[in-house]
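Everything in the sequence shown is counted per numbering that gives the first Met the number 0, starting at 0 for the first residue and increasing by one.
Cβ atoms here follow ideal geometry from the backbone N, Cα and C, with glycine treated the same way.
Given the structure is predicted, the values throughout are model-derived calculations rather than measurements.
Below is one structure, written out as structure tokens, with a few remarks after it.
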Amino acid sequence: MNHTRKKLVDELMQEQELGALIFWRPEELVMMLGYYPLWGLSFLVYTNDEKPVLFVPQAEPDDVLPPGIEIKKFPWGELSPINPWNVLFEEIQKVLDSKNITGKKISFIQERGGTTPCRMSGETPLLPENLINSLLKINNGNFKECDGPLLSLFEFKTEDDLKGIKIAHKVVGKAVAVFEKNAVPGMTEARLAALIEFEIATAMEDSAIFSSKGWPQVQSGTNLVYGGRFNRSTAKTISNGDHVMLELAACVNGYWVDITRTIAVGETNDTQKEIFKTVQEAQQLAIKTIRPGISMAAIDTIARTYIENAGYGKFFNHALGHHVGFRYHDAGQGFSPFSAGILKEGMVLTVEPGIYGEELKSGVRIEDNLLVTKDGYELLSDY
């Protein structure tokens, strides 16, 4: 476990007077251990005694398990009449008893509004319906709600996290090159998206990459008028004079990238050129202002005001950006007019202004990922 992450978690436990924390969502395990579970059914019991315990289903492959931590298996995936979840809850209680946690409160994130997919992302196996209630009964019901402080852990990325995120960006950079090369007249949105997805999937041929998945959405021409509301690829054929936009989520070794690129195919009209230039300049103005201590609402205002002054304010219909790295959209306040967030060193966020509208018959978004550094920012998506 990363020393910096451990220090942050231990400080939270001390402030909240907690004896143990339980983590199980894939993004939580990536954050805590750099471990991206295959089945998505692993549970970490974290105590600040240097001996956290990771419970994994019997069916979890041994070669994906993180080193340097005690592993206990429970009988999920075995053909047996035994209820594996009852076994898990009993074993968690035994660990707490052995660490003299009785009498101290435990905590975990109760509500998250969805979760990142596990590596078996075609279908995440069902957790028991009574999971939260069962966990609340552990430790004689001695539980403390700490969702806010626990979710704030996702806002900070350690050096180990950044290594993983930068590997993901290398993969995405190659996928963007495929997009730029193949966004040509006669290519369909669907086929272009498939080429991009193929490039990301085959990144696993690199021995350093054990999981690589992409979710590209390509929109072109008049389909872009909806780009601020939703993104989806269709059978539409790309034509000369189209703007073509790639909205891309990618997860590599459990770390997430969220970028958008818009390019012109052939000669675009004056309005298209103007909205592209406006979005590009608004983004650059916002990015140049990023540094610790600046309010997130102020960053949003910089980009939004520039677009408004150019006459396109009503066509910028979403927030400027959000946290990213452990999820496609990480927990934490992002860049929006209503944000109370303040930029801090170690945050990774998107900056993604856009202009779209039926009156314009087109649309543009440019999205990059940035790390907030001690004195400013580092552009992670420099491709």
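In this structure, DSSP gives Thr-261 an extended state, which the three-state scheme calls strand. When C-beta atoms of the stretch 341–350 are compared with those of the stretch 363–377, three or more pairs fall below 8 Å, so the two segments count as touching. Membership of Gly-147 in the alpha helix (DSSP H) is indicated by the continuous run 146–151.
The stretch 13–95 contains, as complete beta strand (DSSP E) runs of 3+ residues, the segments 17–22, 42–45, 52–56, 69–73 (chain order).
Counting only residues of its own chain and dropping the five nearest sequence neighbours on each side, Leu-134 has a CB closer than 7 Å to the CB of Ile-21, Phe-107. Collapsing the DSSP output to three states places Gln-109 in coil. In the DSSP annotation of this structure, the continuous segment of the beta strand (DSSP E) that includes Ala-248 starts and ends at 242–251. If the five residues before and after Cys-145 are omitted, its C-beta is found closer than 6 Å to the C-beta atoms of Gln-15, Ser-106, all from its own chain and listed in chain order.
Closest in alpha carbon position to Gly-333, among His-242, Arg-260, Gly-375, Ser-151, is Ser-151.
Note on geometry: alpha-carbon atoms of Ile-100 and Lys-143 lie some 13 Å from one another. The beta-carbon distance between Gly-163 and Gly-253, rounded to whole angstroms, is 7 Å. This is short enough to meet the 8 Å contact definition.
Counting along the chain, the unbroken beta strand (DSSP E) around Ile-354 starts and ends at 353–356. Between the stretch 225–235 and the stretch 321–330 there are fewer than three inter-stretch CB-CB distances shorter than 8 Å, so the stretches are not counted as touching. For Ser-219, the closest C-alpha among the options Ala-296, Ala-207, Ile-262, Gly-121 is that of Ile-262. The bridge partners DSSP lists for Pro-215 are Leu-247. In the structure shown, the three-state DSSP call for Phe-155 is coil. A straight line joining the alpha-carbon of Asn-239 with that of Val-278 spans about 21 Å. When DSSP reads this structure, Ser-232 sits in no beta bridge, so it has no partner. Trp-84 is not a Cβ neighbour of Pro-56, given a cutoff of 8 Å.
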